[in-house]
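Enquirer:
Below you can see the structure in the form of structure tokens.
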């Protein structure tokens, strides 16, 4: 399938963002490029370190040591650029709210493409003894849904798309990933905080990464709400609490995290951060209620719920 046709298919899926259509999408595209550059430098460093350990030639060791120093400098620079990109919270905020403290949303984890067609087709033929060609459309749908889920929109449709792929993974894991063999399908995801790639063949890792992106989308939806109104603040609180709940679920169910952003310590911080931001929104809602008090109404009655 050519890329132009595949792009049309993905854009037709509800909840998929073509990535170049919004400022948030352009920011995510920059993160994707940085992740790839970090991965390239990490591979160069690994190769140089192996050569340094293997060689006994002093001149070659000195040359490799110089190369390692250069690669480490590049890595540090790239990680600083990624850190600066992660600090760009203004682009996620609602317009015209310069007088409020910006919410802190999270960027999405990036991943490499996975094509399920060949390994699933072989497994169907070998394990279920059925002609695989009759399932090609279904397998293509799984691949396309995963591809679309890489760029979810910042709304309810984007959330639904991530849930759809997550639910597909439940059935995929039960039917195509037996515990006693490997299909040769590997899921590679980049750490959203450091840009370092991690690769595993377990569906549990894929699920955790999809849930992380689901929580990230909730943080972005929460950050974009109009916090000058009680309705907007209620929506912000709802989405931030949902994000906290998803992070807590990852913490409770996913173990042996290969990337920093899925470590239990980081997830605990993210849960606390989302809860703190939700409390901030509740406090802003109380301030709005106090500002809109009718003459003669005591603000203490609003703050503590005392009868008038």
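Residue numbers (the UniProt record's numbering): 1 to 308.
Just so you know, even glycine gets a beta-carbon here, dropped at the ideal spot from N, CA and C.
1) Please state the DSSP three-state secondary structure of residue 3.
2) Please confirm if the stretch 106 to 114 is in contact with the stretch 207 to 219, defined as three or more CB-CB distances below 8 Å between the two stretches.
3) Give me the Cβ distance between residue 237 and residue 278, rounded to the nearest whole Å; I'm assuming they're in contact under 8 Å.
4) Provide the residue span of the alpha helix (DSSP H) that contains residue 119, from first to last.
5) Between residue 94 and residue 226, is the Cβ-Cβ spacing less than 9 Å?
6) Expressed to the nearest angstrom, what Euclidean distance is found between the alpha-carbon atoms of residue 142 and residue 14?
7) To which residues of the same chain is residue 4 closer than 6 Å at the C-beta, ignoring the five residues directly before and after it?
8) Can you grab the Cα-Cα spacing for the pair residue 345 / residue 189, in whole Å?
9) At which residues does the beta strand (DSSP E) containing residue 190 begin and terminate?
10) In angstroms with no decimal places, state the Cα-to-Cα distance between residue 36 and residue 125.
11) Among residues of its own chain, excluding the 5 on either side of residue 230, which ones have a beta-carbon nearer than 7 Å to its beta-carbon?
12) So, is residue 201 buried or exposed, given that buried needs 16 or more other C-beta atoms within 10 angstroms?
13) Nearest-angstrom Cα distance between residue 204 and residue 116?
14) Quick one: Cα of residue 291 to Cα of residue 235, how far?
15) On the DSSP bridge list, what partners appear for residue 200?
16) Does the distance between the C-beta of residue 237 and the nearest non-hydrogen atom of the ligand GTP fall short of 8 Å?
17) If you check the beta carbons only, do residue 42 and residue 258 fall under 9 Å apart?
18) Can you give me the C-alpha to C-alpha distance between residue 1 and residue 128, rounded to a whole angstrom?
19) Suppose you measure from the CA of residue 17 to the CA of residue 251; what does that come to, to the nearest Å?
20) For residue 232, report the span of its alpha helix (DSSP H) as first-last.
21) Which of the three DSSP states, helix, strand or coil, is assigned to residue 111?
22) Any idea what DSSP makes of residue 58, helix, strand or coil?
23) Quick test of your reading: residue 266 and residue 274, contact by CB under 8 Å. State the CB separation rounded to the nearest angstrom.
24) Spell out a yes or no on whether the stretch 162 to 181 and the stretch 142 to 153 are touching, meaning 3 or more CB-CB pairs, one atom from each, closer than 8 Å.
25) Rounded to the nearest angstrom, how far is the Cβ of residue 195 from that of residue 91, given a contact under 8 Å?
Expert: The answer reads as follows:
1) Working through the chain shown from its first residue, we reach residue 3 at position 3. Residue confidence for residue 3 is low, a pLDDT of 43 falling below 50, so the modelled location carries little weight; the figure read from the coordinates is stated next. If DSSP states are grouped into helix, strand and coil, residue 3 belongs with the helices.
2) yes
3) Counted from its first residue, the chain shown places residue 237 at position 237. Counted from its first residue, the chain shown places residue 278 at position 278. About 5 Å separates the CB atoms of residue 237 and residue 278; that is less than 8 Å, so the two are in contact.
4) Position 119 of the chain shown, counting from 1, holds the residue named residue 119. 117 to 123 is the extent of the alpha helix (DSSP H) around residue 119.
5) Taking the first residue of the chain shown as 1, we reach residue 94 at position 94. Taking the first residue of the chain shown as 1, we reach residue 226 at position 226. Going by C-beta atoms, residue 94 is nearer than 9 Å to residue 226.
6) Working through the chain shown from its first residue, we reach residue 142 at position 142. Working through the chain shown from its first residue, we reach residue 14 at position 14. Rounded to the nearest whole angstrom, the C-alpha separation of residue 142 and residue 14 is 15 Å.
7) Taking the first residue of the chain shown as 1, we reach residue 4 at position 4. The pLDDT assigned to residue 4 is 45, lower than 50, so where the model puts this residue is not dependable, and the model offers no usable value.
8) Lying before the first or after the last residue shown, residue 345 is absent from the chain, which here runs from 1 to 308.
9) Numbered from its first residue, the chain shown carries residue 190 at position 190. Note, residue 190: beta strand (DSSP E), 187 to 190.
10) Numbered from 1 along the chain shown, position 36 holds the residue referred to as residue 36. Numbered from 1 along the chain shown, position 125 holds the residue referred to as residue 125. Between residue 36 and residue 125, the C-alpha separation is close to 36 Å.
11) In the chain shown, the residue the question calls residue 230 occupies position 230. Answer for residue 230: 285 and 288, listed in chain order.
12) Within the chain shown, the letter at position 201 stands for residue 201. By the neighbour-count rule (16 or more Cβ atoms within 10 Å), residue 201 is not buried but exposed.
13) One-based indexing of the chain shown puts residue 204 at position 204. One-based indexing of the chain shown puts residue 116 at position 116. It is roughly 16 Å from the alpha-carbon of residue 204 to the alpha-carbon of residue 116.
14) As a first step, residue 291 is located in the chain shown; it is residue number 291 there, counting from the start. As a first step, residue 235 is located in the chain shown; it is residue number 235 there, counting from the start. Answer to the nearest angstrom: the Cα atoms are 20 Å apart.
15) Within the chain shown, residue 200 is the residue found at index 200, counting from 1. 187.
16) Questions concerning the ligand GTP fall outside what the structure shown contains, since it holds no ligand whatsoever.
17) On the chain shown, position 42 is the one that residue 42 refers to. On the chain shown, position 258 is the one that residue 258 refers to. The answer is no: Cβ separation not under 9 Å.
18) As a working mapping, residue 1 is identified with position 1 in the chain shown. As a working mapping, residue 128 is identified with position 128 in the chain shown. Here the model assigns residue 1 a pLDDT of 46, short of 50, so the residue's position is not dependable, and the following value carries that caveat. Between residue 1 and residue 128, the C-alpha separation is close to 26 Å.
19) As a working mapping, residue 17 is identified with position 17 in the chain shown. As a working mapping, residue 251 is identified with position 251 in the chain shown. Their backbone Cα atoms lie some 28 Å apart in a straight line.
20) Residue mapping note: residue 232 aligns to position 232 of the chain shown, counting from 1. Run containing residue 232: 230 to 253, per the alpha helix (DSSP H) assignment.
21) As a working note, residue 111 is residue 111 in the chain shown. In this structure, residue 111 counts as strand in the three-state DSSP scheme.
22) Position 58 of the chain shown, counting from 1, holds the residue named residue 58. Of the three classes helix, strand and coil, the one that applies to residue 58 here is helix, per DSSP.
23) Residue mapping note: residue 266 aligns to position 266 of the chain shown, counting from 1. Residue mapping note: residue 274 aligns to position 274 of the chain shown, counting from 1. No, residue 266 and residue 274 are not in contact; Cβ-Cβ is about 13 Å, not under 8 Å.
24) With a cut-off of 8 Å on Cβ pairs, the stretch 162 to 181 is in contact with the stretch 142 to 153, counting three or more such pairs.
25) As a first step, residue 195 must be located in the chain shown, where it is residue number 195. As a first step, residue 91 must be located in the chain shown, where it is residue number 91. Not confirmed; about 19 Å, so no contact.
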